[in-house]
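If you read the sequences in order, they're chains V and R.
Residues in the first sequence are numbered consecutively from 67, following our numbering.
Residues in the second sequence are numbered consecutively from 76, following our numbering.
Beta carbons are placed, not taken as given, at the ideal position from N, Cα and C, and that holds for glycine.
From a predicted model like this one, the values you see are computed outputs, not experimental measurements.
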Amino acid sequence: DAGITQSPRHKVTETGTPVTLRCHQTENHRYMYWYRQDPGHGLRLIHYSYGVKDTDKGEVSDGYSVSRSKTEDFLLTLESATSSQTSVYFCAIRGLADNEQFFGPGTRLTVL
Amino acid sequence: AQSVAQPEDQVNVAEGNPLTVKCTYSVSGNPYLFWYVQYPNRGLQFLLKYITGDNLVKGSYGFEAEFNKSQTSFHLKKPSALVSDSALYFCAVRDGNDMRFGAGTRLTVKP
Numbered sequence: 067d068a069g070i071t072q073s074p075r076h077k078v079t080e081t082g083t084p085v086t087l088r089c090h091q092t093e094n095h096r097y098m099y100w101y102r103q104d105p106g107h108g109l110r111l112i113h114y115s116y117g118v119k120d121t122d123k124g125e126v127s128d129g130y131s132v133s134r135s136k137t138e139d140f141l142l143t144l145e146s147a148t149s150s151q152t153s154v155y156f157c158a159i160r161g162l163a164d165n166e167q168f169f170g171p172g173t174r175l176t177v178l
Numbered sequence: 076a077q078s079v080a081q082p083e084d085q086v087n088v089a090e091g092n093p094l095t096v097k098c099t100y101s102v103s104g105n106p107y108l109f110w111y112v113q114y115p116n117r118g119l120q121f122l123l124k125y126i127t128g129d130n131l132v133k134g135s136y137g138f139e140a141e142f143n144k145s146q147t148s149f150h151l152k153k154p155s156a157l158v159s160d161s162a163l164y165f166c167a168v169r170d171g172n173d174m175r176f177g178a179g180t181r182l183t184v185k186p
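Shown next, in the form of structure tokens:
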């Protein structure tokens, strides 16, 4: 999966608890992305990063925050998880000269 | 904003028959278009892209896609389907630093 790992791969949590998902890349790519995948919606962008400490919001950013303190890691945090955030979360990377993105294996999050 | 649409939720074909998975786009300017495939419990895998040049683009696993500007379409095709091609297929368009995805089409190839 293009030198991208995500952790954890599966998580079950309760409403109101904080959750952090991690994306780690070994490609030294500049751009990193967090998407969520839900049936009937395809993939929707949550946040993305265009460099260390440089991030921007995507289409469905409410309830999520991100941080990127080093090139290889991009963290997605749900400050207070809700059942509507039950989803599969994918990280993706893109090199500066590339047009396509490459995806990690995904994290399945269930909020009870 | 750029967008793509996949008009079919499900496509069924018999093994050995040609397959087509449809995608239409709506963009301002020249489109950068992509196809991805997702197998169960896996991330998305890049299949092919159209940036410029020939309207027929060849990609991985014997897939190709035809860019049609007049019909604003970018349909994915394969001359002879395999059972192992059964998966979820996504069309996407680049939108600045982002990428917009269609809702996906589930392809089932029956023996």
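- Within chain R, the residues placing a beta-carbon under 9 Å from that of Pro171 (chain V) are Asn116, Arg117 and Gly118, ordered along the chain.
- Three or more beta-carbon pairs separated by less than 8 Å link the segment 175–185 of chain R to the segment 147–163 of chain R, which places the two stretches in contact.
- In the structure shown, the three-state DSSP call for Gly137 (chain R) is helix.
- Under the Cβ distance rule, Lys124 (chain R) counts among the residues neighbouring chain V, one pair being separated by less than 7 Å.
- For the segment 166–182 of chain R, the set of positions with a beta-carbon nearer than 7 Å to some beta-carbon of chain V reads Arg169, Asn172, Asp173, Met174, Phe176, Gly177, Ala178 and Gly179 in chain order.
- Within chain R, the residues Phe165, Phe176, Gly177, Ala178 and Gly179 have their CB atoms less than 7 Å from the CB of Gly108 (chain V), given in chain order.
- Between the alpha carbons of Gly128 (chain R) and Pro82 (chain R) lies a distance of about 26 Å.
- Against chain R, the beta carbon of Asn165 (chain V) has neighbours under 7 Å at Tyr107, Lys124, Ile126 and Arg169, listed in chain order.
- When C-alpha distances from Gln103 (chain V) are compared across V:Val177, V:Thr173 and V:Leu178, the shortest belongs to V:Thr173.
- Assignment of Ser155 (chain R) by DSSP, reduced to helix, strand and coil, places it in the coil class.
- Here the C-alpha atom of Val168 (chain R) lies approximately 30 Å from the C-alpha atom of Val85 (chain V).
- A distance below 8 Å between beta-carbons, with the five flanking residues on each side excluded, links Arg75 (chain V) to the following residues of its chain, in chain order: Pro171, Gly172, Thr173 and Arg174.
- Going by C-alpha positions, Phe140 (chain V) is about 23 Å away from Tyr111 (chain R).
- Taking one beta carbon from each stretch, the segment 137–152 of chain R and the segment 85–96 of chain R have 3 or more pairs nearer than 8 Å; the two touch.
- By the Cβ neighbour-count rule, Pro106 (chain R) is buried, with 16 or more other Cβ atoms within 10 Å of its own.
- For the segment 97–125 of chain V, not one full-length alpha helix (DSSP H) segment reaches 4 residues or more.
- Cβ-Cβ separation between Gly129 (chain V) and Thr152 (chain V): approximately 12 Å, too far for a contact (criterion under 8 Å).
- Going by DSSP, Val85 (chain V) is part of the beta strand (DSSP E) stretching over Val85 to Gln91.
- Interface with chain R (7 Å Cβ-Cβ cutoff): Phe156 (chain V) is included.
- For Leu142 (chain V), the closest Cβ of chain R is not nearer than 7 Å.
- Remark: C-beta atoms of Gly108 (chain V) and Ala178 (chain R) approach each other more closely than 7 Å.
- Taking every protein chain shown into account, the CB of Leu131 (chain R) has fewer than 16 other CB atoms within 10 angstroms, so this residue is exposed.
- CA-to-CA, the gap between Arg160 (chain V) and Gly124 (chain V) works out to about 16 Å.
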